[in-house]
Each structure stands twice: as C-alpha cells, then as structure tokens.
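Engineer: By this note's numbering, the letter at position 69 of the sequence shown is numbered 71, and the numbering carries on one by one without gaps. Here a beta-carbon is modelled for each residue, glycine too, at the ideal position from N, C-alpha and C. Computed from a predicted model, the values in this text were never measured in an experiment.
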Amino acid sequence: MNKSLIHIFDSSACLSRRQMKDYVSGVMTGEECHAAEVHLCSCLFCSDAVDGLYAQKEQGAVGAMAVLDNEFLQEKLSVSHPEIHLNSLAVPVQAAAHAAPKRRGRYRTRPLKHTSAIAAVLLVGFGLWWYIGRDRSYSAAIAEQQVAAATAERSKDVVYGGENILEKQDAPVLAMASEPVATNTNAKKEPVTSKAVQAAVVTTPVAEKKEIKTEEKKQAIVAAAKLDNGPVVRPEQSAAEVAVVHKPERTAKPVEERVEAKAETPAATSLEQGNNYYSQGKYSTALSAYRKEMANPDKKKRQEATVMAARCYLSMGNKTEAQKLLQQLTDEGGPQKRTAKRLLKEMSE
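Here you go:
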C-alpha cells in the first residue's frame, strides 16, 4: 500500500488539498480512491468540501485550489497566544501622578509586661490585705483566750482566796481538837461571804498565833466553818488554826476542768465508720457510710470517700459504677486524681 494513504486512514485528520484535488479530478489510483471514500463517509467536513468542489468544478474551482497558498495560516496557528493590535497608532498616555502615602504615627499600645506588672501588684496587695486581716483575727482570738484564762484564774483566786493566802504564809498546821464546842443556836444566823473570811484571816497575825479576843470574830469563824460544811471549831482557836484546819472543800471544779467536762468526745465521722466497715469486709454498709461523706463540702474528705466507694463497688463486682466515680474524680482533679487514674488503669488491664 502507498505510504501516502496513511494520512487518510487517520480519523483525526482531514484530506489534504492535493488529495481533494486529485479525488475530484479523478487522478487518484484505485486504492487511494477507496481510502478517500472511506474517510469521506466518516468526516462531515471533507464530504461537504468535496461536494462543493464538484459543484464548482466547471467554474475552475479545482484550478484555483491548486494555486491556493495557505502558508499564512502557519504563522498564526503556530503562535500559542496571538496578539491583536486594534489601535497601534495611539499615543501612549502617561500614568497619573499619585500622592505619596502619608505615614501614620505609631499606635499607642500598652505592652504586655506593663499589664502583667499591674496584675502582679494587685495580686500582691490583695494577698497582703488578706494576710493582715487573718493575723488580726488570730491575734484577737488569742487575746480572747487570754482574757478568758485570766478571768478563770481570778475567779479561782476569789473562791479560794483564804487558802491561797495561808499557803503563801508558812503557818504550822495544828491538830484539830476532838471535842466539839457547843454553839449558840439562838443567835441570828447571817450569811457570811468569802470576803468576811478573807478579812478575818488577813487581819489576824498568823506568825504570832494570837487568839481572837472579840466575840464577833469567833462567831464569824464558826459561821464560816458551818457554811463550808466542816467540823465545828472551838472559839479559843486562832484564826490561822481555823483557816488552816477548815480549808473549804473544792466543791466547784476549776474552769479548765469544767470546760473539759463539757467538751464531748467527737463522734466518728462517716469516713471513719466506712473505713472500719471496709476493713471488716462489710462493703455494702461501708458504701452507705461513704455515700454520706460524699456530700461533704470539704473537697479532700469528699474525694477520699469517693475513692473508697469505688473500691467498695469493685469488691462487690460492680465495675461500671466504680468506673463512673473514678472518671468523675479524674475530671474534677484534686489530691485523689492520681489514685483514680491508677485504679482506672488497673481496671482496663
């Protein structure tokens, strides 16, 4: 087959100018003519061109086609981006002058370090204010305790004044006579206060151990002895002997003892009860105690109770509830967060 027919069998290419002229004029060989007809059946453009040549064959269209020069198309088709100059004689216009942009001044912004310094100063100031107020309240509490202690000590001195005075003086302790002395029951009984006893004791010279000569002092001493529920003394005894022998029994306890007696032993908290039940293996009872403690406003105790409640659930085989409690602790954060994470890791393993 002729090599020139290869171009005809290419479906993407049309017949050339020479092939169309040869086909219309009948110069082609049989094989070339058959190939051209096959192409004309498949190509609409070539078929229309051949029909036009046949229609204009008598007017010399084939001869004009032979001298047609299509080289000018190669110059345009080879350019990827052809430029079309519509007005090449126009005078170039100079660009308008633009004013130089004015430079604005710097924005007055506050640096970050200045803001941080102000925040730090405010924080330190509030901290000092809180510390000073706390120190004042602590000092006031100590002062109140000291005043209460001084008041209690003063009340003790008032109640047991005679005893303290005689203990400071090194007065010898004399044996009490076994014989009771009869007293005048018809005499008018007047209440004798501790001040009268102290006045009688102080005014009596203990060192010389002189007897009380006046009847009023004797009656005061006897009445004071009766008031203190002590044994009856003889009027001949001195004030020192009476005061030493008949010491008033301390029926009233000191202030410290009364305060300690009033202070009750604190009851065991729910957390301690739960720990006791947990150590005994009573997980259900311990869980009830821990649930009460989980409502405690103290974060530390609340989280400890939550961890122990999770342990109770694990001991009872309820891993779902235990995981919920431990996850809440992990999300909340705090002193028991690490323990909760460790227990969750052990559960996952």
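Since Tyr-280 and Met-310 are thought to touch, with beta carbons under 8 Å apart, how far apart are those beta carbons, to the nearest angstrom?
Structural biologist: Sure, about 6 Å apart at Cβ, within 8 Å.
Engineer: Short check: CB of Glu-323 to CB of Tyr-315, under 8 Å?
Structural biologist: The answer is yes: Cβ separation under 8 Å.
Engineer: Along the chain, where does the alpha helix (DSSP H) containing Asp-53 start, and where does it finish?
Structural biologist: That run of the alpha helix (DSSP H) goes 46–57.
Engineer: What is the rounded straight-line gap between the Cα of Gln-338 and the Cα of Ser-118?
Structural biologist: Spanning the two alpha carbons is a distance of roughly 33 Å.
Engineer: In this structure, does DSSP put Cys-16 in helix, strand or coil?
Structural biologist: Cys-16 falls in the coil class under three-state DSSP.
Engineer: Can you give me the Cβ contacts of Ala-51 inside the same chain, cut-off strictly under 7 Å, excluding the 5 residues immediately before and after it?
Structural biologist: Here the set comprises Met-22.
Engineer: With distance defined between alpha-carbon atoms, name the residue in Gly-335, Cys-45, Gly-129 and Ser-27 nearest to Leu-17.
Structural biologist: When only C-alpha atoms are compared, the closest one is Cys-45.
Engineer: Could you work out which residue in Ile-120, Ala-97, Met-30 and Ala-312 is closest to Asn-277 when comparing CA atoms only?
Structural biologist: Answer by Cα proximity: Ala-312.
Engineer: For Leu-125, count neighbouring C-beta atoms within 10 Å of its own C-beta (all shown protein chains included) and say buried if the count is 16 or more, exposed if not.
Structural biologist: With fewer than 16 other Cβ atoms within 10 Å, it is exposed.
Engineer: Gly-135 by DSSP, collapsed to three states: which one?
Structural biologist: Residue state, collapsed to three classes: helix.
Engineer: Would you mind sorting Cys-48 into buried or exposed? The rule is 16 or more other CB atoms within 10 Å of its CB.
Structural biologist: Buried is the call here.
Engineer: So what's Arg-105 in DSSP terms, helix, strand or just coil?
Structural biologist: It is coil, neither helix nor strand.
Engineer: To the nearest angstrom, how far is the alpha carbon of Leu-55 from that of Ala-38?
Structural biologist: Computed Cα separation, rounded: 15 Å.
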